[in-house]
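Inspection log for the structure reproduced underneath, given as structure tokens.
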Amino acid sequence: MGHLDHATFGWLTPVLSYAMACIGAALGLRCTVRALGSTGRSRRNWLVTAASALGTGIWTMHFVAMLGFGVSGTGIRYDVPLTILSLLVAMAVVCAGVFAAGYSRDRTRALILGGLTTGLGVASMHYLGMAAVRLHGDVRYDPLLVALSVLIAVVAATAALWAGLNIKSPAAVTVVSLVMGAAVSSMHYTGMFAVSVRVTPSGSLLPGATAMQFIFPLAVGLGSFLFLTSAFVALSPTAGEREASASAQRPVESAAAR
């Protein structure tokens, strides 16, 4: 059996991955709050931004953590198409869950269906990402830990959707984002602790790309997207600020008309 190391760079990758999960959760929640205060095309755009932030944050968290994953006795590479597919799955299922919560009139039903869909999608993203791993040996999973990781994903997704529908203040969003980041990280590492590898020594070249060739540049790009989106959300006026600005302009326009 190969020895698995989940933090070959020490605490760097776990801390960075947790930070990515927190940023994605905070952005997703803030965008959902903006969406619920908007109508029409504006609501749709905010929900798409929320889904993009959440999906990107979860995927980036997973693969930043994977930068620290190593197995003694074998190198590790990643199947590029499967890795990209895992990103698309994360974006699609989170988008479905966010739109279900944002548009449904029955919020309880929306939370149940959206949380289940999104949670299973997040778990699918994780295990698709693991299926993309190429190494010299066989990867096996502990079924109980796999089931626990899926349960954590569903509960975390449902809690995130509930928070998006019910929590408004920036301070509360910050606290919930820290908790959500911990939940997503817990799901990832529970799934990783389910892994065992039986190494088969071989001198053949592994197919795919190394983490530094592919995962690292993509994670940096998506992380940059999260920071740019953070700036956009921070600079965009809220519905209340737009209403206050419009109210302040009305007396000026009335006076000018006279």
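Under the working numbering, the first residue of the sequence shown is numbered 31, with each subsequent residue one higher. Backbone N, C-alpha and C fix where the C-beta goes; we use that ideal spot for every residue, glycine too.
May I have a chain-ordered list of the alpha helix (DSSP H) segments no shorter than 4 residues that lie completely inside the stretch 164-202? Listed in chain order, the alpha helix (DSSP H) runs fully inside the stretch 164-202 are 173-196, counting runs of at least 4 residues.
Helix, strand or coil at residue 308 [DSSP, three-state]: The requested residue 308 is not part of the displayed model; the chain covers only 31 to 288.
Can you give the beta carbon distance from residue 113 to residue 252, rounded, assuming they're within the 8 angstroms contact cut? Incorrect: roughly 12 angstroms between the Cβ atoms, too far for contact.
I need the DSSP call for residue 135, collapsed to helix, strand or coil. Correct three-state label for residue 135: coil.
Below 6 angstroms CB to CB, which residues in the same chain sit around residue 47 once its five sequence neighbours on both sides are set aside? 91, 94 and 95
Using 10 angstroms around the beta-carbon of residue 276, count the other beta-carbons present and answer buried if the total reaches 16, otherwise exposed. Bear in mind that a pLDDT of 46 at residue 276, under 50, signals an unreliable position, so the model cannot answer this.
Within 8 angstroms, strictly: CB atoms of residue 32 and residue 229: Contact: yes.
Is the stretch 222-241 in contact with the stretch 166-180, if contact means three or more CB pairs nearer than 8 angstroms? Judged by pairs of C-beta atoms under 8 angstroms, the stretch 222-241 touches the stretch 166-180, as three or more such pairs exist.
Assign residue 202 to buried or exposed, taking buried as 16 or more other Cβ atoms, counted over all protein chains shown, within 10 Å of its Cβ. exposed
Is the distance from the Cβ of residue 40 to the Cβ of residue 131 below 8 angstroms? Against a cut-off of 8 angstroms, the Cβ pair of residue 131 and residue 40 comes out as no contact.
Near residue 77, which residues of its chain fall below 6 angstroms by C-beta distance, leaving aside the five closest residues on each side in sequence? 65, 128, 129 and 132
Leaving out the 5 sequence neighbours to the left and right, which residues in its chain are closer than 8 angstroms to residue 256 when beta-carbon positions are compared? So the list reads 50, 53, 54, 57, 83, 86, 87 and 90, once near-sequence residues are dropped.
Alpha carbon to alpha carbon, how far is residue 207 from residue 59? 8 angstroms
Distance, residue 34 Cα to residue 190 Cα: 31 angstroms
How long is the line joining the alpha carbons of residue 61 and residue 199, rounded to whole angstroms? 12 angstroms
Does the beta-carbon distance from residue 145 to residue 177 come in below 8 angstroms? no
In whole angstroms, give me the CA-to-CA distance for residue 254 and residue 209. 22 angstroms
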